Structure formats: structure tokens, C-alpha cells
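Input: a single structure, listed below in C-alpha cells.
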Amino acid sequence: DTEVTQTPKHLVMGMTNKKSLKCEQHMGHRAMYWYKQKAKKPPELMFVYSYEKLSINESVPSRFSPECPNSSLLNLHLHALQPEDSALYLCASSRGAESNQPQHFGDGTRLSIL
Amino acid sequence: RKEVEQDPGPFNVPEGATVAFNCTYSNSASQSFFWYRQDCRKEPKLLMSVYSSGNEDGRFTAQLNRASQYISLLIRDSKLSDSATYLCVVRMERGNEKLTFGTGTRLTIIP
Chain V
21 DTEVTQTPKH LVMGMTNKKS LKCEQHMGHR AMYWYKQKAK KPPELMFVYS
71 YEKLSINESV PSRFSPECPN SSLLNLHLHA LQPEDSALYL CASSRGAESN
121 QPQHFGDGTR LSIL
Chain P
1214 RKEVEQDPGP FNVPEGATVA FNCTYSNSAS QSFFWYRQDC RKEPKLLMSV
1264 YSSGNEDGRF TAQLNRASQY ISLLIRDSKL SDSATYLCVV RMERGNEKLT
1314 FGTGTRLTII P
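The listed protein sequences correspond, in order, to chains V and P.
Just so you know, our numbering puts 125 at position 105 of the first sequence, and the rest follows in order with no gaps.
Just so you know, our numbering puts 1305 at position 92 of the second sequence, and the rest follows in order with no gaps.
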């Protein structure tokens, strides 16, 4: 069982919908991440939050909006997505950038855009 | 040149055999190195960190060669459950949260 919990596991939405992906960890980690993964490709980094502040945005389109309400929670708000945004969205956490520790992944949200 | 490069495979290996993967990285100042495994339609799971002196965890051995800028993973006595994609992952800069992923090496263990 993963210690990073993501909900929902699956999401199907239309291009005009607004939805949110949620991620939670209780390991005391201070860095949290959103990744997008397409089939047969490695994960692509989208956003990094470090100590609840956005530290990296990998030029992600504004239709993806991250939010970190507290050190345990990370959300990804979705609006007006495109069919090419269909993918597995992975959340990860780590102790913090200064520790050089690995990241631990949640089991992902499989998103389909109709 | 890609920042982290792996042979995509597939590697089809009989059960019980030994298999080894290499991964090269472009930034000589890279700080941390990891092997993750990913099963089909699942999340990546940390297999092991790779330390400068090399390290072993059961049937798995990881090594780092800083001079030649590669890391390796050796799997001995392979099991059917070892079938997965193995991702080589590198942290390029100290204090930078970003990890760089290789494209993964697909391994299938054949009964």
C-alpha cells in the first residue's frame, strides 16, 4: 500500500467541466509533486511545492492549477482540458529537496477527457 | 544527448537467469541516483537508492560509476514477479527537487 493517497482513482470528464484531483500524505514530507504520465513514457514533472510554496512550474498550461492547502495536501484543479490531457496523473512526496531523498508516488488518477 | 539514457529493451529473460541494466547520465555534477520499478498501469515504486560504494538488497545490486557517468542494476535469480519497467532516476543538482527520469527498460521474465 502506498503512503501517498490520491483520489479519485479514475475520472472521466468533458472538455467544459471543472474537476479537482486530490493528494494526501502523512509522512511529514515537505515537498510534493504533480506528474503527468502517458502510456509507455516516463513521468513528466508538472509542479513542485516545497514547504507549501510553488517552487517549480514546468511551463504547464493554465488549465491546470495546483494548490497546496497545507503540508499534507496537494490539489490539482482542472478546467477546460483537451483530449490530449488524458493521462495518468501521479502525485509524489519527498522529505525535502535538501535531503536528497527519493520521492514516493501515489497510485495515480487515470484521467480521460471526452 | 538525453540527460538520462536507458536501453528501452525489451529484455526477455528466462526465470532464474541474471540480468543487468545500465543507465548513463549527462551531468557530471548529478547528486542522487535511484532505481524505480513500474508495473503496467501502476505507479513507480522505489526499488533502491544507489550509493557511491554500491549497494545490495537481496537479489538486487546497484552500482554507481561516477567517472563514466553510469549506474547499473543487477538482478540475480530472476523471478516472474520481476517483470516490469525499470526506471533510472537522477537528481541533477543538490537542493533541487526535480528528478530526471530515463525512458525505462522493459523486462519480461519467461517461465
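Here a beta-carbon is modelled for each residue, glycine too, at the ideal position from N, C-alpha and C.
In this text, all values refer to a predicted model and were calculated from it rather than measured experimentally.
Bridge partner(s) assigned by DSSP for residue i
i       : result
V:L101  : DSSP lists no partner for V:L101.
V:M33   : V:I133
V:K38   : V:H99
V:N77   : V:F67
P:R1304 : P:S1245 and P:L1312
P:Y1299 : P:R1250 and P:T1318
P:N1235 : P:S1285
P:N1268 : P:A1275
V:L110  : V:Y55
Cβ-Cβ distance between residue i and residue j below 7 angstroms
i       : j       : result
V:P122  : P:G1317 : no
V:L96   : V:P86   : yes
V:G128  : P:E1256 : yes
P:T1321 : P:E1216 : no
V:M47   : V:K39   : no
V:E72   : V:S92   : no
P:R1304 : P:S1266 : no
V:G126  : V:C43   : yes
P:G1315 : P:Q1219 : yes
V:Y109  : V:L74   : no
P:A1230 : P:S1291 : yes
P:R1214 : P:S1243 : no
Presumed contact (8 angstroms Cβ cut-off) between residue i and residue j, rounded CB distance
i       : j       : result
V:Q135  : V:A107  : In this structure chain V extends from 21 to 134, so residue 135 of chain V is not present and cannot be described.
P:F1247 : P:V1263 : 6 angstroms
V:L94   : V:Y55   : The pair is not a contact, with the Cβ atoms about 12 angstroms apart (cut-off 8 angstroms).
P:I1284 : P:Q1276 : 7 angstroms
V:S114  : V:H30   : In fact, because the Cβ distance is near 26 angstroms, the residues do not count as touching under 8 angstroms.
Own chain partners of residue i with C-beta closer than 8 angstroms, once the 5 adjacent residues on each side are dropped
i       : result
V:Q102  : M35, R83 and I133
P:V1226 : V1232, S1291, L1320, T1321, I1322 and I1323
P:L1293 : E1228, I1322 and P1324
P:N1278 : I1284 and S1285
P:P1221 : T1316, G1317, T1318 and R1319
Same chain, Cβ closer than 6 angstroms to residue i, five either side skipped, listed in chain order
i       : result
P:L1259 : Y1249
V:T27   : K42
P:P1324 : E1228
P:N1235 : Y1283 and S1285
V:C76   : Per the sequence shown, the amino acid found at residue 76 of chain V is Ile instead of Cys. Result list for V:I76: V68, in chain order.
Neighbourhood of residue i by C-beta distance below 7 angstroms, restricted to the same chain and skipping five residues each side
i       : result
V:V24   : C43, Q45, C111, A112, S113, H124, F125 and G126
P:E1183 : Coverage of chain P is limited to positions 1214 through 1324, which leaves residue 1183 of chain P absent and any answer about it impossible.
V:C88   : M52, Y69, E72 and L94
V:M66   : W54, Y55, K56, E78, V80 and F84
V:A100  : M35, T36 and R83
Note to self: Across the region 1250-1266 of chain P and the region 1289-1305 of chain P, are there enough close Cβ pairs to call them in contact, namely three or more that are closer than 8 angstroms?
What the structure shows: yes
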